[in-house]
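Chains as they are written, first to last, in my numbering: chain A, 143 to 258; chain B, 143 to 258.
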DNA sequence: GACATATATAGCAAAAACGCTATATTGGTG
DNA sequence: CACCAATATAGCGTTTTTGCTATATATGTC
């Protein structure tokens, strides 16, 4: 017994990337960078319906992006690992580069002329 | 006319993350960090069939992860943007943390006991 | 043009992701 | 226990992804 799962870094990392590869989920984890938030907070902040919000959160928990902690009737979700935090830092520094004009959106999506 | 597409950073970033969210594709882009390579090189290095290799490469080109350059009968693919390079650097530093033992795979995937 | 090599595409079936509505569960309070 | 607020799940139709086999296209050489 005592089965040991063998999984490469690429497997782990690609699962994480895939789970983050959704605009609303990315918004959610960015929001959670500031600290844990309960479902209602997240729902209001991101502007999604209750079921969709819950589904994204569950999905991310299943994919090891988030963990949760119950407090009475509320569920608080928070970032689950340092890999996630590192990735978000990286995304953030890219965002800053974009905003400051050091990098153009066209560098990433050539067909797009302008963006927010 | 002169339509201007409006797209947020989250949209751009999540598309990139999603496109990178596949183990073989992640292997491919990591391989391409060293510089451009043609389809045959990539196929042999990663160990995929020719059609699958081509499909992944096309997919990533469509999603602005890669660009290509033809040289005779060969097609050379290479990383398309600084965002990709930054992300890969980030992944790499996480990989190093994992390898050096500073970070445990269990920090990312709690149910996994051990990994390569 | 015939042929070889390198790469791309078509077509298909299985699986997964997505968004939605309706309904269920869980915990707290009286 | 009844009831409310917070959150999760079921079920469903649509779309996207994935991997595969077979076939097509493009380029170079003779």
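For every residue, glycine included, the Cβ atom is placed at its ideal position computed from N, Cα and C.
Exercise. Using a C-beta cutoff of 8 Å, does residue 211/A count as contacting chain B?
Worked result: Reading the first chain from its first residue, position 69 is the one you call residue 211/A. For residue 211/A, the answer is no, since every Cβ of chain B falls outside 8 Å of its Cβ.
Exercise. So, residue 259/A versus residue 175/A, is the Cβ gap smaller than 8 Å?
Worked result: Any property of residue 259/A remains undetermined from this structure, which presents chain A solely from 143 to 258.
Exercise. Residue 195/B lies in the beta strand (DSSP E); which residues open and close that run?
Worked result: Numbered from 1 along the second chain, position 53 holds the residue referred to as residue 195/B. Premise fails: residue 195/B lies in the alpha helix (DSSP H), 192-204, not in any beta strand (DSSP E).
Exercise. Three-state secondary structure (DSSP) at residue 187/B?
Worked result: As a working note, residue 187/B is residue 45 in the second chain. In the structure shown, residue 187/B sits in a helix (DSSP, three-state: H, G or I).
For this session: Using a Cβ cut-off of 8 Å (strictly closer), state whether residue 151/B contacts chain A.
Result: Position 9 of the second chain, counted from the first residue, corresponds to residue 151/B. Output row for residue 151/B: interface = yes.
Exercise. What in chain A is Cβ-close to residue 233/B, meaning under 7 Å?
Worked result: Sequence index remark: in the second chain, residue 233/B carries index 91 (1-based). What residue 233/B touches in chain A: 155.
Exercise. Given that a residue counts as buried once 16 or more other Cβ atoms are within 10 Å of its Cβ, and exposed if not, what is residue 167/A?
Worked result: Within the first chain, numbered from 1, the residue matching residue 167/A stands at position 25. Burial call: buried.
Problem set entry | Short-range partners of chain A found in the region 156-186 of chain B, where Cβ spacing is below 9 Å | 156, 157, 158, 159, 160, 161, 162, 163, 164, 165, 166, 167, 168, 169 and 172
Exercise. Pairing CB atoms from the region 186-205 of chain B with CB atoms from the region 205-213 of chain A, are three or more of them under 8 Å?
Worked result: no
Exercise. In chain order, what residues of the region 200-229 of chain A put their CB closer than 7 Å to some CB of chain B?
Worked result: 206, 223, 224, 225, 228 and 229
Problem set entry | Extent of the continuous beta strand (DSSP E) run through residue 172/B | Position 30 of the second chain, counted from the start, is the residue given in the question as residue 172/B. From DSSP, residue 172/B is part of no beta strand (DSSP E) but of the alpha helix (DSSP H) over 165-174.
Exercise. Looking at C-alpha atoms only, which residue of 239/B, 173/B and 225/B is the closest neighbour of residue 154/B?
Worked result: Against the second chain, residue 154/B aligns to sequence position 12. Nearest option by C-alpha distance: 225/B.
For this session: For the alpha helix (DSSP H) containing residue 153/B, list its first residue and its last residue.
Result: For the purposes of this step, residue 153/B is taken as residue 11 along the second chain, with counting starting at 1. Residues 151-162.
For this session: For residue 214/B, count neighbouring Cβ atoms within 10 angstroms of its own Cβ and tell me buried if that reaches 16, exposed if not.
Result: The residue labelled residue 214/B in the question sits at position 72 within the second chain. Exposed, because fewer than 16 other Cβ atoms sit within 10 Å of the Cβ of residue 214/B.
For this session: Would you mind reading off the limits of the beta strand (DSSP E) that contains residue 209/A?
Result: Within the first chain, numbered from 1, the residue matching residue 209/A stands at position 67. DSSP places residue 209/A inside the beta strand (DSSP E), whose first and last residues are 208-213.
Exercise. Any C-beta of chain A sitting closer than 8 Å to the C-beta of residue 238/B?
Worked result: If you number the second chain from 1, residue 238/B lands on position 96. Closer than 8 Å: no.
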